[in-house]
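One structure is given below, encoded as structure tokens.
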Amino acid sequence: MLQVEITGPDGRQRMVEAPEECTIGKSVQNEIRLDSWRVAKEHARLFSTPSGVLLDDLGGFGGVSVNGKRVEVQYGPLKETDLISIGPFTLRILKSAQSAPPVQAASPQSRSDTAPRRNQAAAEEIQASRRLAEKAQKAVLEQRARPTHTVAGDTPGPDERKETALVVAPDPTLKELEFEWRKRIHGKLLETMDLRRQDVSSMSDDRLRAETEALIRQIIEDQHKHIPEEIDRALLRVQVLNEAIGLGPLEELLDDDSVTEVMVNRYDEIYVERRGKLLRHPLTFTGDRAVLGVIERIVAPLGRRIDESSPMVDARLKDGSRVNAIIPPLALKGPALTIRKFAKRKLQASDLVAFDAISQEMADFLKVCVEARKNIVVSGGTGSGKTTLLNILSNFIPSGERVITVEDAAELKLHHEHLISLEARPPNIEGKGAVLIRDLVKNTLRMRPDRIVVGECRGAEALDMLQAMNTGHEGSLTTLHANTTRDALARLETMVLMAGMDLPLTAIREQVASAVDLIVQQTRFACGSRKVTSIAEITGMESGKIQIQELFRFVHQGYGGPEGKVQGYFTGCGLVPGFYEELLARGAALDIGIFKTVLADDVASLAGEAYE
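When we follow our numbering, the leftmost residue of the sequence shown carries the number 674, and every step to the right adds one.
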């Protein structure tokens, strides 16, 4: 057994007995557990040898230092005076416990043999790297010598062979070699920054990126002779830079405007959503620790945490993109990360019309309703575009009004001068200090709001939202998950019951019928297209049931075209809203003709005239 003295960040010391081979980290499976967000799940390893106790760095974020010097891969044998730094903790290996056999002190001759052993180990590592590089080069040459054809099974003629393009498939050996050198350069970068004692926390993002990139260039130049020729130096520099201060392989995906969602199922499974379709991405992380490091880099600045006691977290990036992360033991395949990207440019109603997600008449009607302070609920399934539509509707609010937004994770991008954004807070490590959306909605009523915008109603806050709509806060907006407008009403009733007020169902329905004016249904189709499929008005109560009438709808005519896109058209339903005269009294110039029903034959004839 080993006796380990641990000094915590508060200066308190404790003694721990551990096996002769043990791991150090924040996971409960480790023999030596250090509870801190700066400590990886498995951060380091100790094991006894005839020459003494050796220390292995397992690649945790922040690394391992002995006596203030960064450990690259392995250090040892350790002395009793050696101080091991892991995160905010300091460890010291004392004499073995009595249960362990006594170890003879190393003789001067054996101590003098330590340096040759280290040199021999370094030489063996270089030889292994060279063998791996030769294997990768051989595989690449074989791929280049083997032409690929566009049609399987065809035998090209003499002239076709000359014009056949050479397509080099990604080789796993070369990929492994790139991973190895990326890890080495990254380790040397951290060691260099530690030696220079640079205060990274006080640097701006631009300065940190510039200085880090300069250091990486210098390190790659110093290692130029050892880096195999098959590895692209520029690509290696970018990858190390992204892994050191960015989000690793996700950096280029977040910069790609065509990508709307990034999904990391595990470190070697990354999927992206482009134009509504899910595609496998060739880039991967180096391991689970790299994914966990990216997650911690995202949530730490926001005051959130993720560990075994709190293995789920909702967060956001600087640009407002929504982030959800979940780690083991809940995620069985390893840390999983989902990023919902938002457009860098603020979308407007005209953009939705151009995308054929809504008709111009429907957009004009919703704009008038928001300006006329009608209470609107946006309903839809997951990923149907509810938040995007809510953001567009919120920007219809006149600039002179005081707007307060309440969200679980701040996503809305409103450009009002008189705006207050509130965000819920999860519980701390002791399970206390949580601030729920319901608490924030109650607090907004004391802040003199003209408009209340709730990012999404998921539970008991629905009751407080309805009460706000019924007590002089007209023009409020919110979203909820439902597949149809009628399902949205049923879900509202269910969420109000979650408040635990034991209200009769009739009273709840009267509250809903009195508070909500419009339900806007958003739908995501199988082809990936997102459309506003229905706009319905709540007209009141009859025989204990909420009455709704549909004002606009999208008529679905199946799928077609080369890309299998959804086919159909937008139309009015021939009904005028009950508050139409109120809109006219407010001075809204709204043509009654927009509610006219359009038949499929009329759409076909109009399309034919446009073609002619």
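Built from N, CA and C at the ideal position, the CB exists for glycine as well.
Which term fits residue i, buried or exposed, when burial requires 16 or more other beta carbons within 10 angstroms of its beta carbon?
i	result
Gln-688	Residue identity check: residue 688 is Met in the sequence provided, not Gln. Exposed is the call here.
Lys-1204	buried
Lys-898	exposed
Pro-789	Any answer about Pro-789 is weak, because its pLDDT of 46 lies below 50 and its placement is not dependable; what the coordinates show is given next. Counting Cβ neighbours within 10 Å, Pro-789 comes out exposed, since fewer than 16 surround it.
Ile-1265	exposed
Met-1035	buried
Gly-1148	buried
Val-701	exposed
Arg-685	exposed
Lys-1269	exposed
Gln-1033	exposed
Thr-1055	exposed
Arg-880	exposed
Gly-1128	buried
Phe-1015	buried
Ala-988	buried
Ala-1258	exposed
Ala-842	Because Ala-842 sits at a pLDDT of 41, beneath the cut-off of 50, its placement in the model cannot be relied upon, and the following sentence gives the value as read from the coordinates. With fewer than 16 Cβ atoms within 10 Å of its Cβ, Ala-842 is classed as exposed.
Phe-1028	exposed
Start and end of the alpha helix (DSSP H) containing residue i?
i	result
Gly-966	961 to 972
Ser-721	Not the alpha helix (DSSP H): Ser-721 falls in the beta strand (DSSP E), residues 717 to 722.
Cys-1042	1033 to 1044
Thr-1117	1110 to 1117
Asp-1137	1134 to 1143
Gln-702	Where Gln-702 is concerned, there is no enclosing alpha helix (DSSP H), given that its DSSP letter is neither H nor E.
Gln-666	Absent from the structure is residue 666, since the part of the chain shown begins at 674 and ends at 1285.
Val-737	Neither: Val-737 is in no alpha helix (DSSP H) and is coded neither H nor E.
If the criterion is Cβ atoms closer than 7 Å, does the pair residue i and residue j meet it?
i	j	result
Val-737	Val-726	no
Gly-1245	Ile-1221	no
Ile-766	Glu-851	no
Gly-741	Arg-711	no
Gly-1132	Met-1171	yes
Gln-1194	Ser-1202	no
Gly-732	Arg-947	no
Ala-917	Leu-862	yes
Gly-966	Glu-1084	no
Ser-1187	Asn-1156	no
Gly-698	Glu-678	no
Ser-1067	Leu-1087	yes
Val-913	Ile-889	yes
Val-935	Leu-926	yes
Please return the same chain residues whose Cβ sits closer than 8 Å to the Cβ of residue i, not counting the five positions on each side in sequence.
i	result
Glu-1166	Leu-1178, Ile-1181, Arg-1182, Val-1185
Val-1228	Gly-1241, Tyr-1242, Phe-1243, Thr-1244, Ala-1273
Gly-1106	Arg-1098, Pro-1100
Val-739	Leu-728, Tyr-748, Leu-751, Asp-755, Leu-756, Ile-757, Ser-758
Gly-1073	His-1091
Arg-1121	Arg-1075
Lys-1017	Asp-930, Asp-992
Glu-1215	none
Arg-784	Note that Arg-784 scores a pLDDT of 37, beneath 50, so its modelled location is shaky and nothing firm can be said.
Pro-984	Ile-999, Ile-1000, Pro-1001, Pro-1002, Leu-1003, Ala-1004
Leaving out five residues on either side along the sequence, give the residues of the same chain with a beta carbon under 6 Å from the beta carbon of residue i.
i	result
Ile-1192	Val-1050, Ser-1052, Thr-1158, Ala-1161, Ala-1209
Val-986	Val-972, Arg-977, Ile-979, Ala-998
His-954	Ile-943, Val-945
Thr-957	Asp-941
Gln-810	Confidence in Gln-810 is poor, its pLDDT being 48 and thus under 50, which makes the residue's placement too unreliable to answer from.
Hey, could you find the ends of the beta strand (DSSP E) residue i is sitting in?
i	result
Lys-1238	1238 to 1245
Thr-1212	1203 to 1215
Ala-998	995 to 999
Lys-950	950 to 954
Thr-763	762 to 766
Asp-987	985 to 989
Arg-1197	1191 to 1197
Arg-939	932 to 939
Thr-680	675 to 680
Ile-900	That residue, Ile-900, is in no beta strand (DSSP E); it is neither H nor E in DSSP.
Gln-1230	1218 to 1233
Under 7 Å Cβ to Cβ from residue i, same chain only, skipping five residues before and after it: list those, please.
i	result
Phe-1069	Lys-1040, Val-1043, Glu-1044
Thr-1212	Gln-1220, Ile-1221, Gln-1222, Gly-1251
Glu-798	In this prediction, Glu-798 scores a pLDDT of 49, lower than 50, which makes its location untrustworthy; the coordinate-derived value is nonetheless stated afterwards. Excluding residues within five positions, none has a Cβ falling inside 7 Å.
His-1146	Pro-1122, Ile-1125
Ala-806	Confidence at Ala-806 is low in this model, with a pLDDT of 48, below 50, so its placement is unreliable and the value that follows should be read with caution. For Ala-806, where only same-chain residues beyond five positions count, the Cβ hits under 7 Å are Leu-850, Pro-901, Glu-903.
Gln-1021	Ile-1065
Trp-854	Ile-900, Ile-904, Leu-909
Is there a Cβ from chain D that is less than 7 Å from the Cβ of residue i?
i	result
Gln-1220	Among the chains in the structure shown there is no chain D, since it carries only a single protein chain.
Completely contained alpha helix (DSSP H) runs for the region 1054 to 1102, where each covers 4 or more residues:
Annotation note: the region 1054 to 1102 contains the following uninterrupted alpha helix (DSSP H) runs of length 4 or greater, listed N- to C-terminal: 1059 to 1067.
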